[in-house]
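In the UniProt record's numbering, the protein residues as written are 1 to 314.
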């Protein structure tokens, strides 16, 4: 008896959001199927990969492979050029971790100078993430949005505690794309989208960061949350959950013990460089399979591997 495949069709789709300007743009979202379900319907836009760099340069980087890739780059702008040229890269993601008041506590002016240096050094699409301190980001990210007028950048991350400041500046005053960050919960993700659109931000200019974890670290919550969001967006046509999802992977994977423990301490685990790459690749692959429309990575080998995976499955 022949197998007759029954297509699963939805009357809804994920919003499309284009990052960047001019000839160098990337578009995420747009699909009306679950991730990589090309047997149900063709994918409108394949998932995209961003390469993360920091305003701190290589100061906090433990990977020798990452350090080697940026060898010779003396400024953050030069690092950005190398990141944009990395095999498999679709955009550059600048994280302003030096602004954290509990860390280096760089001033807003210092960080804006870095942002401008990066923006002037590349024509690739740009994502800018704050320092993860809600008060500092409420001060910093509106200034970032202002400094990058006309570049159509994605500003990460607006949170419930600072959405009025960041959403109004990025999404309204300076016409950038708003990255709405919540903590691995479908209700929190939806609520942030609702209040952001109530500010007047166009739903087509919102991208969700619903949170993540390294594979093996409570990751089932990430999978179930992404699955529920995609299900509600497509099968229930919930327009407050139809924003595409972006997932910063690197910050989670390069900080866990499997990536940081030395081979001398854990000889049975093998070289830490390989372990770090493996953690980044496994987590990124799982995020994409669960519903992320874009991932942010660090290591050149991880970026190339995930790029090949996307091409093979798309």
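For glycine and all other residues, C-beta sits at the position ideal for the given N, C-alpha and C.
Label residue i either buried or exposed according to how many other C-beta atoms from any shown protein chain fall within 10 Å of its C-beta, with 16 as the threshold for buried.
i           : result
residue 235 : exposed
residue 208 : buried
residue 194 : exposed
residue 125 : buried
residue 87  : exposed
residue 2   : exposed
residue 268 : exposed
residue 216 : exposed
residue 52  : buried
For a quick check, are the C-beta atoms of residue i and residue j less than 9 Å apart?
i           : j           : result
residue 23  : residue 45  : no
residue 127 : residue 19  : yes
residue 139 : residue 108 : yes
residue 272 : residue 280 : no
residue 157 : residue 200 : no
residue 326 : residue 290 : Within the shown structure, residues of the chain are numbered from 1 to 314, placing residue 326 beyond reach of any answer.
residue 79  : residue 57  : yes
residue 162 : residue 135 : yes
residue 205 : residue 150 : no
residue 165 : residue 192 : no
residue 288 : residue 42  : no
residue 239 : residue 11  : no
residue 144 : residue 96  : yes
residue 122 : residue 297 : no
For residue i and chain D, any beta-carbon pair shorter than 9 Å?
i          : result
residue 38 : Protein chain content of the structure displayed is limited to a single chain, and chain D is not contained in it.
Checking the sheet assignment: what are the DSSP bridge partners for residue i?
i           : result
residue 294 : 48, 246
### Task
Would you list, in sequence order, the uninterrupted beta strand (DSSP E) runs of no fewer than 3 residues that lie entirely inside the segment 26-107?
The segment 26-107 contains these whole beta strand (DSSP E) runs: 48-54, 91-95.
### Task
Decide yes or no for the touch test of the segment 205-221 against the segment 176-187: beta carbon pairs closer than 8 Å, at least 3 of them.
The answer is yes - the segment 176-187 touches the segment 205-221, with three or more Cβ pairs under 8 Å.
### Message
Please give the ranges of any alpha helix (DSSP H) in the segment 169-232, keeping only runs that are unbroken, at least 4 residues long and fully inside the region.
### Response
Taken in chain order, the unbroken stretches of alpha helix (DSSP H) that lie wholly in the segment 169-232 and span 4 residues or more are 186-198.
### Query
Are there three or more Cβ pairs, one per stretch, closer than 8 Å when the segment 287-302 is compared with the segment 249-257?
The answer is yes - the segment 249-257 touches the segment 287-302, with three or more Cβ pairs under 8 Å.
#### Entry: Every unbroken beta strand (DSSP E) inside the segment 110-181 [3 residues or more]
The beta strand (DSSP E) runs lying completely inside the segment 110-181 and spanning 3 residues or more are 126-129, 154-158, 177-181, given in chain order.
### Task
Identify every run of the alpha helix (DSSP H) within the segment 238-283, keeping only runs that are complete inside it and at least 4 residues long; order them along the chain.
250-253, 257-260
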